[in-house]
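Engineer:
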Amino acid sequence: MAAGAADKLRPGQPVEQAKAQEPSFDATGKRPAPGQPDAASSKRPRKSEGAEQEINIEGEKPEVNDEEGAGSEQESGNGQSSSLQSPVSVVLLDIEGTVCPVSFVKDVLFPYALEVLPTTLAKEWSSPSFAPYRDAFPPEHSATPEALTAHVQDLMRHDVKIAYLKSLQGYLWEEGYASGALKAPLFPDVAPKILSWTQQEQGDESPNDCGHEEKAKKKKVRVMIYSSGSVAAQKLLFRHTNSSARPDLTGAITDYFDTVNAGPKTEAASYVKIAAKYPDVPVGEWLFLSDLVKEVEAAKEVGMQSFVLERPGNAELSEEVRRKHRVVKSLDEILI
Numbered sequence: 001m002a003a004g005a006a007d008k009l010r011p012g013q014p015v016e017q018a019k020a021q022e023p024s025f026d027a028t029g030k031r032p033a034p035g036q037p038d039a040a041s042s043k044r045p046r047k048s049e050g051a052e053q054e055i056n057i058e059g060e061k062p063e064v065n066d067e068e069g070a071g072s073e074q075e076s077g078n079g080q081s082s083s084l085q086s087p088v089s090v091v092l093l094d095i096e097g098t099v100c101p102v103s104f105v106k107d108v109l110f111p112y113a114l115e116v117l118p119t120t121l122a123k124e125w126s127s128p129s130f131a132p133y134r135d136a137f138p139p140e141h142s143a144t145p146e147a148l149t150a151h152v153q154d155l156m157r158h159d160v161k162i163a164y165l166k167s168l169q170g171y172l173w174e175e176g177y178a179s180g181a182l183k184a185p186l187f188p189d190v191a192p193k194i195l196s197w198t199q200q201e202q203g204d205e206s207p208n209d210c211g212h213e214e215k216a217k218k219k220k221v222r223v224m225i226y227s228s229g230s231v232a233a234q235k236l237l238f239r240h241t242n243s244s245a246r247p248d249l250t251g252a253i254t255d256y257f258d259t260v261n262a263g264p265k266t267e268a269a270s271y272v273k274i275a276a277k278y279p280d281v282p283v284g285e286w287l288f289l290s291d292l293v294k295e296v297e298a299a300k301e302v303g304m305q306s307f308v309l310e311r312p313g314n315a316e317l318s319e320e321v322r323r324k325h326r327v328v329k330s331l332d333e334i335l336i
């Protein structure tokens with residue numbers, strides 16, 4: 001199904017089953033949406049080289065974009081909160097720049113993968129467990145450890161988002177998370193809000209666990225993830241967080257989507273495909289949250305509600321973006 005007017009759905013209307021699309025990539029590793037700039041122009045900005053290595057995850061005082069009328073805003077204990085056009089049944093979350101700092105991916109995860117790659121290849125090149133990751137690379141780049149290393153370095157240097165690279169990165173990060181060398185620095189509002197939205201508490205491991213049937217019945221919304229990182233890498237990140245409420249948040253997350261099982265994040269057809277997996281939820285009852293405007297626009301095109309997250313370290317938003325989209329600095333500003 002092509003992205004565009006034909007895919008636009010009215011809020012409250014269930015989504016029909018969408019035809020799956022395989023993402024294709026240009027020289028930068030992304031496929032631009034029709035009428036959009038090429039992928040290279042939509043990359044997330046890196047922190048300046050002079051920036052401190054420590055990751056700042058403290059947000060500023062939330063500000064509210066009052067487009068569409070301040071009268072529709074909801075009041076919270078901390079002031080005004082961004083209102084929603086209709087009830088929300090599913091919150092679909094981006095990761096990088098939305099639930100954790102961009103710098104965690106760029107300055108921690110990526111360098112870690114490059115650091116451990118040579119040792120991993122030397123130890124596991126011929127092992128059956130590593131073979132699927134090695135063989136997913138094009139033959140000319142998987143003939144030797146040296147060739148694969150050079151190709152990985154080139155792809156990461158150009159921030160290419162392609163499935164076989166993302167799978168390998170997840171494999172490399174797994175040991176780092178398990179050893180404690182890696183831990184996802186979620187913004188302070190993220191874990192409490194996910195647990196609140198799904199009506200779980202600190203001790204609950206899953207909304208479907210035996211003994212938690214009552215909580216499962218009254219759960220407000222489902223939380224799902226949509227990231228360019230592989231599903232395996234997403235699960236690793238949410239299993240190993242800095243949350244004091246519950247470090248492992250995977251029990252509160254219903255589903256995960258990436259560029260393989262959904263498609264490119266800037267294409268409307270990807271959001272049609274995601275929503276089609278849950279035909280019981282009207283498309284207007286999905287809320288997608290991301291720091292990238294083109295992703296927000298793609299979700300809105302099919303009828304989802306969508307806000308832009310303005311987090312520390314993210315790209316500066318223009319006044320035009322602030323006029324066209326709801327901009328929030330914290331999940332606490334969103335009352336569901």
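1 is the number of the first residue of the sequence shown in full-length UniProt numbering; add one for each residue after it. Even glycine gets a Cβ: it sits at the ideal position worked out from N, Cα and C.
1. Between the Cα of Ile253 and those of Pro111, Tyr177, Phe104 and Trp197, spot the shortest distance and give me the residue it belongs to.
2. Can Ala268 and Val221 be called in contact, C-beta distance under 7 Å?
3. Just how far apart, CA to CA, sit Gln85 and Phe130?
4. Count the other CB atoms within 10 Å of the CB of His158; is the residue buried (16 or more) or exposed (fewer)?
5. Secondary structure at Lys8, three-state DSSP: helix, strand or coil?
6. When burial is assigned at 16 or more other CB atoms within 10 Å of the CB, is Arg246 buried or exposed?
7. Can you tell me which of Val223, Leu186 and Lys183 puts its alpha carbon nearest to the alpha carbon of Gln199?
8. Could you tell me the alpha carbon to alpha carbon distance between Glu124 and Ser244, rounded to whole angstroms?
9. Grab the span of the beta strand (DSSP E) containing Ser270 for me, first residue to last.
10. Closer than 7 Å by C-beta to His240: which residues in its own chain qualify, once you throw out the five before and the five after it? Chain order, please.
11. I'd like to know whether the C-beta atoms of Thr259 and Glu295 end up nearer to each other than 7 Å.
12. Three-state secondary structure (DSSP) at Ser290?
13. Spatial neighbours of Val192 within its chain, please: C-beta separation below 7 Å, excluding the five flanking residues on both sides.
14. In or out: Thr98 buried (at least 16 other Cβ within 10 Å) or exposed?
15. Go to Ser306, then tell me how far its beta strand (DSSP E) extends in each direction, as first and last residue.
Structural biologist: Quick answer:
1. Trp197
2. no
3. 47 Å
4. exposed
5. No answer about Lys8 holds up, because its pLDDT of 43 lies below 50 and its placement is not dependable.
6. buried
7. Val223
8. 35 Å
9. Not the beta strand (DSSP E): Ser270 falls in the alpha helix (DSSP H), residues Ala268 to Ala276.
10. Tyr177, Leu182, Lys183, Ala184 and Pro247
11. no
12. strand
13. It should be pointed out that residue 192 corresponds to Pro in this sequence rather than to Val. The residues are Ala245.
14. buried
15. Gln305 to Leu309
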